[in-house]
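Have a look at the structure below before the remarks.
Numbering (the working numbering), first residue to last: 73 to 1061.
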């Protein structure tokens, strides 16, 4: 048996494969029938479809050097092999071809050993630093770079000469565990500290603010951050020229770091204004000294130009601004002197010219109008607006001239009237005649010309159609649109030249688009790299092009967007690899997988106004309760490589054991109890059963605190949800749950019959929902709309003990206030409707006699309640309702709900904002009882503190129409019964 020496190897494979044969007998193999093709990975043959499917050499075909070279290129492009070589040998049936694959070793785990208890060493931080730089599975060949990163991290913690001994423990799977044996060595401490310059405070106070003293560990990054914080504080005190320059020298073999801190305090800057007055709300933008934290000459010069431009835009055509600097006694006084001059105000605007178009079509767009300030900027903008209006309507040669002259009216103050005259010469109107195409051999005129209203990408739609006004700039845009349409059909190198021919009178323009198509590119192979846990089918499913289809530009961009939207990858890149053939290209999709496990936790305080029974009188009263709250979440995504995810979310509130919210509250042993908790498990299965919908399984265990009762609930649900567009999704499902009422405040005779009979109830129901959302942020939106509709039906035929139908409707809108700085106007409307299905129950009276009675109410836990931090904030939790939904001061809920909320959200600082709100609503016993005249309202204000996990909310609401039935709060500093306060998380809606 004769063997063919390897055709290629390592990174030089393609060159060697394409080079002249090193041995004359290579030609003996070429052209012979391929008897077998095998791929050998780490000495073992592999039949992985991801490898076999991209090999061009096929059994039964003649051996071709071109196909070998293409196969090597495909395999090497996967990014999973350090070397690829081909080896051939003669067998009886022809040529046996073998590809030797040398894999890239990946690190699946990183471990640390050694002296990890040394001060300042945080293994978690070291792992995160590696993951942030190199991903969760770096290549083993990068072990040297990873070692450098770890060493630098230790140096930042004060260990200048750490000992690091990395080693790789290989496993049978081919993946490695990278182990660092850490010997941090001695920790560098701060020695002498010299303060140079003229700091504004004492040396001791300055070092305290820097957080450094002799003997402390030397941590350069932390020191730099503290110095930056000090400089920022000085800037906030208007010392804009403060500088601190640290230098360090080491001694004792880098065990001691001697610091020299050169401090330039700079003067305190005061900004004054002289001359004519300026609007105070504009000064921060016109003179951004505070925002920029600087008072250099360039900034001051720019500020004078901005002031003058602003005033000229207000009609002060002769406005000027100058500045002076005056330094004395550590103070820098900057004075801007403003001269406005007279304000020119428009007396009237006259139009002239033989025009065919009504001024009403463009006049609303103009800035210059009677009573408005006259400025050159507004004049130029109006001239451009009128010309653009006419040119869009086909008047290519339109000419618009503005003239201004003194007016005759007498105005008060330093105001000068101006008459503006606008002369319009329309010229000839040109319309599009014929639209022709030349050179379009592969795509018909009909396809190129078409532009249906539902065209997905309007950028590919030519707008100049026969009979429409001719607009010169649109001609080039249409040329680009046609070229983009070609690119989306695989003709990446297509060029389109646009030409037009005018009739002698200029009323008609015939258009010709000349196309040079070039080759049509086709997708040959899809190569996927980096998917260690993700099944390749998940990635391929999101691709908008299949092998053999045209290599469209829009399809590539959409494929990349869909892959990124999966949420499985930190990074996605689609590279297009060219074959020797101009027409066939490969896609190399390289992904960097995100960590599969996510963990979140946090805590805070929750404050609510609840209705409780007074211990002495037994009457209902209001009590403000504050409880610590904590949550913990853990999730695993990309489960089994199928993009499914499982999540566990838990939250708990701790109340004192003697609180009325805790069962057996008479307990006097002290301490806290879990009065309220929630455990939610979720399994999400995308494209369940091969459909376009996502499956969702949830299981819930919870205990809730309400005003008139507490409840314990266990339930499970299965849901199928499908997004139809970016903004619209529909869902449907089934749920079953068991609910038990606890600590019911109402006496038996005050409860509805259904609540006395079913203190524990099993509910089995079907539900459906629809959502439309364009919000820019689901947690704290500032723009967009949200609309949702839900419907639920519980029936005894599907296992429910009680039957009912229930629906709710929500509509929300968020708008930025025009001209305001990030002020948001938010509104919400909610409507809930429900009805019970009749059911006969056996009731035993006080004499022990049974009787059959019919009930058609909903269980108390399923009825609607209002009042609290998310509904009407002037009322205690659940305390809002009509008289027939509240008994003896305790709410029992109703079958109908109407809530309206309005908020004005005003940011004060980057992390602090205030809110003013107006809430309106009520709860009604039955749907037929809904009466808008019975809605009650509350107004109030609140604070919003932004945190990395969302806004913390503090609200205080005041009832607009306090009534005798409203409960008092004995310990309140407000008007009794007229107000309510809440502390919670997230926006109210």
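The C-beta atom is built at its ideal place from N, Cα and C for all residues, glycine as well.
Euclidean distance between Cα positions of residue i and residue j
i: residue 576; j: residue 424; result: 28 Å
i: residue 463; j: residue 378; result: 33 Å
i: residue 595; j: residue 297; result: 51 Å
i: residue 925; j: residue 823; result: 15 Å
i: residue 309; j: residue 260; result: 34 Å
i: residue 451; j: residue 439; result: 8 Å
i: residue 521; j: residue 496; result: 35 Å
i: residue 457; j: residue 434; result: 8 Å
i: residue 271; j: residue 981; result: 29 Å
i: residue 362; j: residue 307; result: 8 Å
i: residue 1050; j: residue 911; result: 40 Å
i: residue 1125; j: residue 839; result: Coverage of the chain is limited to positions 73 through 1061, which leaves residue 1125 absent and any answer about it impossible.
i: residue 48; j: residue 702; result: Any answer about residue 48 is impossible in this case: the structure gives the chain only from 73 up to 1061.
i: residue 860; j: residue 960; result: 35 Å
i: residue 544; j: residue 199; result: 59 Å
i: residue 539; j: residue 436; result: 27 Å
i: residue 389; j: residue 357; result: 21 Å
i: residue 999; j: residue 700; result: 38 Å
i: residue 1053; j: residue 947; result: 9 Å
i: residue 364; j: residue 546; result: 42 Å
i: residue 287; j: residue 190; result: 16 Å
Identified DSSP bridge partners for residue i
i: residue 242; result: 248
i: residue 22; result: The displayed coordinates of the chain run from 73 to 1061. Any statement about residue 22 would go beyond what the structure contains.
i: residue 467; result: 501
i: residue 312; result: Note: residue 312 sits in no beta bridge, so no partner.
i: residue 496; result: 472
i: residue 137; result: In the DSSP output, where bridge partners are listed per residue, residue 137 has none listed.
i: residue 888; result: 896
i: residue 791; result: 768 and 805
Residue i classed as buried or exposed, judged by whether at least 16 other C-beta atoms fall within 10 angstroms
i: residue 798; result: exposed
i: residue 115; result: exposed
i: residue 482; result: exposed
i: residue 157; result: buried
i: residue 285; result: exposed
i: residue 870; result: exposed
i: residue 796; result: exposed
i: residue 606; result: buried
i: residue 593; result: buried
i: residue 117; result: exposed
i: residue 848; result: exposed
i: residue 317; result: exposed
i: residue 671; result: exposed
i: residue 95; result: Since pLDDT at residue 95 reaches only 44, below the 50 mark, its modelled position is unreliable, and the value read off the structure follows with that caveat. It is exposed - the Cβ of residue 95 has fewer than 16 other Cβ atoms within 10 Å.
i: residue 1089; result: With the chain covering 73 to 1061 only, the question about residue 1089 has no answer from this structure.
i: residue 643; result: exposed
i: residue 991; result: buried
i: residue 945; result: buried
i: residue 55; result: For residue 55 there is no data in the structure shown, the boundaries of the chain being 73 and 1061.
Inter-residue CB distance, residue i and residue j (contact presumed, cutoff 8 Å)
i: residue 178; j: residue 149; result: Rounded, the Cβ-Cβ distance is 17 Å, inconsistent with contact.
i: residue 262; j: residue 331; result: 6 Å
i: residue 123; j: residue 102; result: 23 Å between Cβ atoms; not a contact.
i: residue 985; j: residue 979; result: 4 Å
i: residue 863; j: residue 874; result: Wrong, their Cβ atoms sit about 17 Å apart, outside the cutoff.
Contacts around residue i, its chain only, beta-carbon distance under 8 Å, and the 5 residues preceding and following it disregarded
i: residue 510; result: 584, 585, 586 and 587
i: residue 268; result: 332, 333, 334 and 335
i: residue 548; result: 570
i: residue 673; result: 702, 703, 704 and 705
i: residue 112; result: 118, 170, 171, 172 and 173
Neighbourhood of residue i by C-beta, 6 Å cutoff - its chain only, sequence neighbours within 5 removed
i: residue 929; result: 824, 826 and 908
i: residue 472; result: 455, 458, 459 and 496
i: residue 630; result: 616
i: residue 900; result: 884, 973 and 1061
Cβ shell of residue i (< 7 Å), same chain only, five flanking positions each side left out
i: residue 1056; result: 678, 941 and 1025
i: residue 78; result: Low local confidence applies: a pLDDT of 40 at residue 78 is under 50, so the model's placement there is unreliable, with the coordinate-based value given in what follows. So the qualifying residues of the chain are 157, 158 and 159.
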